[in-house]
Amino acid sequence: MKSLNKLIRITTVPVSLSVLLKDQLRYMSNHFEVLAVSSPDKMLEQVAVREGVRTAPVTMTRAITPVKDIKALWKLYRLLKKEKPAIVHTHTPKAGLLGMMASRLAGVPVRMHTVAGMPLMENTGMKRKVLNFVERLTYSCATHVYPNSKHLAGFILENHFCNEQKMKVLGNGSSNGINTRFFQPGEELSNAACELRKKFGLTDKDFVFVFVGRLVKDKGIEELVEAFSQLKEKHPNIKLLLVGPYEPELDPLAPATHKIIETDQSIIHAGFQQDIRPFLMISQALAFPSYREGFPNVPMQAGCFNLPSIVTDINGCNEIVEDGKNGLIIPAKSVPELQNAMNRLLTDTALYLTLQSNARKMIVDRYEQKYLWELLLKEYHDHLKAHAIVS
Numbered sequence: 001m002k003s004l005n006k007l008i009r010i011t012t013v014p015v016s017l018s019v020l021l022k023d024q025l026r027y028m029s030n031h032f033e034v035l036a037v038s039s040p041d042k043m044l045e046q047v048a049v050r051e052g053v054r055t056a057p058v059t060m061t062r063a064i065t066p067v068k069d070i071k072a073l074w075k076l077y078r079l080l081k082k083e084k085p086a087i088v089h090t091h092t093p094k095a096g097l098l099g100m101m102a103s104r105l106a107g108v109p110v111r112m113h114t115v116a117g118m119p120l121m122e123n124t125g126m127k128r129k130v131l132n133f134v135e136r137l138t139y140s141c142a143t144h145v146y147p148n149s150k151h152l153a154g155f156i157l158e159n160h161f162c163n164e165q166k167m168k169v170l171g172n173g174s175s176n177g178i179n180t181r182f183f184q185p186g187e188e189l190s191n192a193a194c195e196l197r198k199k200f201g202l203t204d205k206d207f208v209f210v211f212v213g214r215l216v217k218d219k220g221i222e223e224l225v226e227a228f229s230q231l232k233e234k235h236p237n238i239k240l241l242l243v244g245p246y247e248p249e250l251d252p253l254a255p256a257t258h259k260i261i262e263t264d265q266s267i268i269h270a271g272f273q274q275d276i277r278p279f280l281m282i283s284q285a286l287a288f289p290s291y292r293e294g295f296p297n298v299p300m301q302a303g304c305f306n307l308p309s310i311v312t313d314i315n316g317c318n319e320i321v322e323d324g325k326n327g328l329i330i331p332a333k334s335v336p337e338l339q340n341a342m343n344r345l346l347t348d349t350a351l352y353l354t355l356q357s358n359a360r361k362m363i364v365d366r367y368e369q370k371y372l373w374e375l376l377l378k379e380y381h382d383h384l385k386a387h388a389i390v391s
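The sequence shown begins at 1 in the UniProt record's numbering and counts up by one.
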């Protein structure tokens with residue numbers, strides 16, 4: 001039976017609602033009246049149609065913009081006073097800060113914030129101090145904080161952003177789990193993959209390392225391109241498939257790296273893709289040398305297609321991947337370690353086959369999407385009961 005209570009989910013930009021929380025809003029709408037809030041964009045309108053929920057636009061910026069932030073805070077406060085939700089659940093840093101502050105000011109009883117990666121991990125000096133303050137303020141306004149990985153929870157505790165009693169990691173981590181039925185080989189995908197292989201001129205002799213994500217410095221792209229360039233001198237049949245857009249305004253690549261990507265015939269830059277599944281199907285391994293993550297979807301998605309993953313020893317990645325079981329874990333920012341891991345997958349057939357055989361099962365067993373949704377729904381109902389709100 002659907003509850004009469006209202007649940008408001010807030011993200012800074014609508015792509016987070018559309019991609020990171022795909023299908024979750026529809027599931028929750030079977031149990032609550034759901035309102036999704038994010039910055040105005042056509043994608044927000046698409047979320048409304050696809051998920052079957054109401055949406056409300058509130059302009060928020062990802063950068064530190066005091067005047068715009070105050071305006072957004074006021075708009076969120078007025079919206080919450082009007083809607084009177086029982087629960088507000090925020091994602092992404094700016095939406096978390098403004099959403100939790102507005103919720104506390106508006107007297108929302110259950111205020112939940114999911115933490116999925118922290119940009120501050122790569123910052124130092126005064127900016128780091130400012131971002132530390134922002135995190136503490138966000139968590140102080142929340143009644144419950146949900147890091148989406150165990151290592152991220154440890155980082156929060158080490159930096160005294162939040163007390164342990166307020167925090168909880170749901171299941172084995174992740175913000176949305178993964179739809180393992182969607183991410184699996186099938187006839188239609190096989191046909192699409194076959195066409196891609198023809199388009200890119202790939203042969204059975206080619207070994208394709210794939211990266212999926214934004215082509216920016218803190219995703220380890222510079223190290224990946226350098227490691228690949230050195231490795232192909234010994235292994236001429238390797239390819240590097242980059243699936244994702246450049247983002248020069250936020251975290252640009254060095255001009256030399258950009259030039260190699262655009263001119264090296266062994267590197268395929270496919271750009272942003274709405275459906276990455278065929279690209280995973282034409283690949284043999286995932287190379288994901290990111291500097292920081294919350295709980296990344298890409299290693300889970302790659303695992304579902306039986307791809308061994310090379311990941312860095314950072315939050316989330318080192319929980320999804322177990323070294324020597326379904327992938328290899330290396331230090332971040334190390335070209336030699338990355339090159340060595342890539343070389344091992346190319347030359348050690350027994351290792352590769354072991355990692356490959358474990359890849360999908362280890363994802364299905366730990367991160368099935370429906371299981372995580374059910375855990376989150378239970379959290380909602382438990383918090384409502386604790387506040388004596390009929391659910």
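We treat Cβ as the ideally placed atom computed from N, Cα and C, and that holds for glycine.
A quick note: this is a predicted structure, and the numbers were derived from the prediction, not measured.
By the neighbour-count definition (other C-beta atoms within 10 Å, threshold 16), I70 is an exposed residue.
The alpha-carbon separation between L351 and E164 amounts to approximately 39 angstroms. Look at the beta carbons and you see the segment 258-265 touching the segment 211-230: at least three pairs across the two are nearer than 8 angstroms. Each residue's CA atom was taken as its position, placing K378 and L170 some 11 angstroms apart. Partner residues in the beta bridge of D323, as assigned by DSSP, are G327. Y371 and V364 have their alpha carbons spaced roughly 11 angstroms apart. Judged by DSSP in its simplified three-state form, F288 adopts strand.
Ranking K199, A48 and N318 by CA distance to the CA of P14 puts A48 first. Here the alpha carbon of S140 sits roughly 11 angstroms from the alpha carbon of M112. Of all alpha-carbon atoms in G294, K198 and M101, the one lying nearest the alpha-carbon of F155 is that of G294. Judged by DSSP secondary structure, F209 falls within the beta strand (DSSP E) whose first and last residues are F207 to V212. Comparing alpha-carbon positions, the option among K239, V53 and L73 lying closest to N343 turns out to be K239. In this chain, I156 is not harboured by any beta strand (DSSP E); it is covered by the alpha helix (DSSP H) spanning K150 to E158. The straight-line gap separating the alpha-carbon atoms of G244 and S290 is approximately 14 angstroms.
The beta carbon of V130 is closer than 8 angstroms to those of I64 in its chain, skipping five residues each way along the sequence. Close CB contacts of V134 within its chain, under the 6 angstroms cut and outside five residues either way in sequence, are with L97 (chain order). Under the three-state reduction of DSSP output, M60 falls in the coil class, being neither helix nor strand. Taking the CA atoms as reference points, F32 sits about 6 angstroms from K6.
By the 16-neighbour rule on beta-carbons within 10 angstroms, F272 is exposed. In this structure E337 is in contact with P331, their Cβ atoms being roughly 5 angstroms apart against a cut-off of 8 angstroms. Around the C-beta of M126, fewer than 16 other C-beta atoms lie within 10 Å, and the residue is accordingly described as exposed. Between the beta-carbon of L241 and that of A270 there is about 7 angstroms, and that keeps the pair under the 8 angstroms contact cut. The residue among K22, V298 and T61 with its C-alpha nearest the C-alpha of R50 is K22. Restricting attention to Q24, Y77 and R62, the CA atom closest to the CA of V53 is found in Q24. Classified as buried, R9 has 16 or more neighbouring CB atoms from the shown chains inside 10 Å of its CB. Here N148 really is in contact with S174; their C-beta atoms are around 6 angstroms apart, less than 8 angstroms. Annotated three-state conformation of A388 is coil, per DSSP. Cβ contact annotation for N30 (same chain, cutoff 7 angstroms, sequence separation greater than five): K2, in chain order. With respect to the C-alpha of G327, the residue from L137, T257, Q301 and T354 having the closest C-alpha is T354.
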